[in-house]
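Chains as they are written, first to last, in the working numbering: chain L, 85 to 292; chain V, 85 to 292.
Since the structure comes first, as structure tokens, the remarks are kept for the end.
Number of protein chains: 2
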Amino acid sequence: MSEIARRGLMLVLSSPSGAGKTTLARRLLESDPGILMSVSATTRSMRPNERHGHDYFFVTPERFEEMAKANDFLEHAHVFDHRYGTPAGPVLEKLRGGGDVLFDIDWQGTQQLKERAREDLVSIFVLPPSHDELERRLKARAQDSDEVVARRMAKAAAEISHWPEYDYVIVNRDIDRALFQIKSILEAERARRTRLIGVGEFVAELTR
Amino acid sequence: MSEIARRGLMLVLSSPSGAGKTTLARRLLESDPGILMSVSATTRSMRPNERHGHDYFFVTPERFEEMAKANDFLEHAHVFDHRYGTPAGPVLEKLRGGGDVLFDIDWQGTQQLKERAREDLVSIFVLPPSHDELERRLKARAQDSDEVVARRMAKAAAEISHWPEYDYVIVNRDIDRALFQIKSILEAERARRTRLIGVGEFVAELTR
């Protein structure tokens with residue numbers, strides 16, 4: 085008998101800057117071929133090392149606006165002068181095929197995703213290990229003024245205040261340990277009954 | 085900073101006979117010192133190789149009845165001529181200390197546990213890999229008649245029909261793979277936000 089058929093899931097990682105989320109996302113993608121990074125659409129220009137459809141879908145502001153109006157985005161946001169959004173089509177197609185999709189988005193994007201896809205969403209908030217360590221990581225360059233660091237710290241605190249909206253909370257004290265926790269959550273959520281659309285069929289054959 | 089304080093959880097494994105649950109439970113306990121087996125009370129007699137308080141709490145029928153009336157059991161049942169039950173006290177004490185407790189109980193016990201401890205409960209249903217394999221495992225001895233095997237199969241099918249009441253469903257096709265899934269579920273559930281009673285305190289220190 086084959087594996088039990090299941091729906092894919094959307095795994096959201098959120099954290100303040102300086103919690104190591106980008107490294108965790110990259111290592112998760114490298115270690116598990118069953119999960120793919122969501123590719124966002126953006127109105128900003130392509131940089132030399134970027135590829136359309138791989139790093140981003142690069143679209144005009146007019147096209148972005150059309151897509152937003154047509155409800156084609158699972159979530160979208162303004163960041164500085166540009167717009168960013170997750171096109172729904174490719175994500176929903178992967179989910180239907182039993183594939184999983186990873187999102188590196190903030191609490192606002194997560195809230196929007198929740199409204200569109202409550203049951204398929206699994207959200208993890210990654211915390212830095214301590215106040216001192218967070219400050220150290222936010223002080224990226226030696227010449228950063230205290231004021232700049234204080235501003236980054238306030239921004240981090242604002243993002244952190246949204247931890248109660250997440251399914252799981254982990255502390256990135258050790259990158260291998262944090263990665264292990266994320267991989268465990270992914271593995272567990274893949275075995276969640278509500279996602280296993282093929283159990284009825286499997287059990288019917290088992291007890292024939 | 086120390087780890088985030090959390091409540092322990094109750095991990096329930098249920099399955100029909102012949103799905104390998106007993107081996108999975110033993111291997112989980114061996115591999116993870118943070119989870120302990122729940123010890124049941126029973127009215128049956130102690131066997132030579134058993135220890136009171138380790139294998140079971142051996143009690144008189146009168147004492148069992150008193151405990152049942154005092155609501156001292158998380159779940160209890162009649163099996164043949166004897167009574168079995170899970171005393172609430174030791175379990176709740178372990179949970180409060182952040183320890184996890186493993187239960188090897190059937191669907192009826194699981195239903196009773198749910199009523200007493202909904203939030204602390206994590207339930208996994210273990211399925212055998214196929215009809216033929218289940219039949220092979222239920223035919224324990226060569227001299228078992230077709231009728232005996234058919235009766236065991238019907239009992240297994242009745243237990244299996246309760247899979248929709250569980251949080252997770254796994255197939256024990258390969259013992260190492262199934263153990264990995266159970267360990268992932270345990271690890272994930274330990275990071276579930278609703279269990280992490282210490283996040284508020286941790287975050288307050290982080291963003292001071």
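Cβ atoms here follow ideal geometry from the backbone N, Cα and C, with glycine treated the same way.
Could you check if residue i is buried or exposed, using at least 16 other CB atoms within 10 Å of its CB as the buried criterion?
i                     : result
residue 133 (chain V) : exposed
residue 153 (chain L) : exposed
residue 240 (chain L) : buried
residue 175 (chain L) : buried
residue 145 (chain V) : exposed
residue 143 (chain L) : buried
residue 164 (chain V) : exposed
residue 126 (chain L) : buried
residue 137 (chain V) : exposed
residue 296 (chain L) : For residue 296 (chain L) there is no data in the structure shown, the boundaries of chain L being 85 and 292.
residue 212 (chain L) : buried
residue 130 (chain V) : exposed
residue 194 (chain L) : buried
residue 265 (chain L) : buried
residue 230 (chain L) : exposed
residue 92 (chain L)  : buried
residue 98 (chain L)  : buried
residue 235 (chain V) : exposed
residue 135 (chain V) : exposed
residue 204 (chain L) : buried
For residue i, which residues in chain V fall below 7 Å Cβ to Cβ?
i                     : result
residue 283 (chain L) : 247, 253
residue 99 (chain L)  : Chain V residues near residue 99 (chain L): none, gap ~12 Å exceeds 7 Å.
residue 268 (chain L) : 268, 271, 272
residue 241 (chain L) : 291
residue 250 (chain L) : 277
By the three-class DSSP mapping on this structure, what secondary structure does residue i have?
i                     : result
residue 263 (chain L) : helix
residue 138 (chain V) : coil
residue 269 (chain V) : helix
residue 156 (chain V) : coil
residue 290 (chain V) : helix
residue 279 (chain V) : helix
Based on Cα-Cα distance, which residue from the options lies nearest to residue i?
i                     : options                    : result
residue 268 (chain L) : L:254, L:291, L:169, L:165 : L:254
residue 159 (chain V) : V:170, V:238, V:249        : V:170
residue 202 (chain L) : L:246, L:216, L:168, L:250 : L:250
residue 103 (chain V) : V:276, V:289, V:258        : V:258
residue 187 (chain V) : V:215, V:95, V:117, V:229  : V:95
residue 218 (chain L) : L:198, L:197, L:273, L:256 : L:256
residue 124 (chain L) : L:141, L:288, L:109        : L:141
residue 162 (chain V) : V:177, V:190, V:292, V:183 : V:190
residue 167 (chain V) : V:147, V:173, V:184, V:243 : V:147
residue 200 (chain L) : L:287, L:155, L:283        : L:155
residue 178 (chain L) : L:289, L:292, L:90, L:261  : L:90
residue 207 (chain V) : V:273, V:283, V:261        : V:273
residue 112 (chain V) : V:275, V:150, V:261        : V:261
residue 209 (chain V) : V:120, V:228, V:227, V:243 : V:243
residue 237 (chain V) : V:88, V:87, V:100          : V:100
residue 172 (chain L) : L:192, L:182, L:151, L:183 : L:151
residue 275 (chain V) : L:278, L:285, L:263, L:283 : L:263
Run down chain L in chain order and give the residues with a C-beta less than 7 Å from the C-beta of residue i.
i                     : result
residue 95 (chain V)  : Ordered by position in chain L, no residue passes the 7 Å Cβ test against residue 95 (chain V), which lies about 12 Å from the chain.
residue 109 (chain V) : The contacting residues do not exist; residue 109 (chain V) stays about 17 Å from chain L at best.
Which bits of chain V does residue i rub up against, with CB to CB less than 8 Å?
i                     : result
residue 119 (chain L) : Here the premise fails: no neighbours, minimum Cβ distance about 14 Å.
residue 218 (chain L) : 290
Chain L partners of residue i, CB-CB under 8 Å?
i                     : result
residue 287 (chain V) : 211, 244, 245, 247
residue 280 (chain V) : 253
residue 189 (chain V) : Simply none; closest approach about 18 Å.
Listing by chain order, which chain L residues have their CB less than 9 Å from the CB of residue i?
i                     : result
residue 265 (chain V) : 271, 272, 274, 275
residue 259 (chain V) : What residue 259 (chain V) touches in chain L: nothing, since even the nearest Cβ is about 16 Å away.
Cβ of residue i less than 7 Å from any chain A Cβ?
i                     : result
residue 205 (chain L) : No chain A appears in the structure shown, which is made up of the protein chains L and V.
Runs of beta strand (DSSP E) wholly within the region 105-153 of chain L (minimum 3 residues, chain order): Along the length of the region 105-153 of chain L, whole beta strand (DSSP E) runs at least 3 residues long occupy 119-121, 124-126, 140-142, reported in chain order.
Kindly provide the ranges of any alpha helix (DSSP H) runs that are 4 or more residues long and lie completely inside the region 221-259 of chain V, ordered along the chain. Runs found: 230-244.
Run through the region 163-230 of chain L for me and flag every whole beta strand (DSSP E) of 3 or more residues, listed as ranges in chain order. Runs of the beta strand (DSSP E) lying entirely within the region 163-230 of chain L, each at least 3 residues long, are 166-171, 184-188, 205-211 in chain order.
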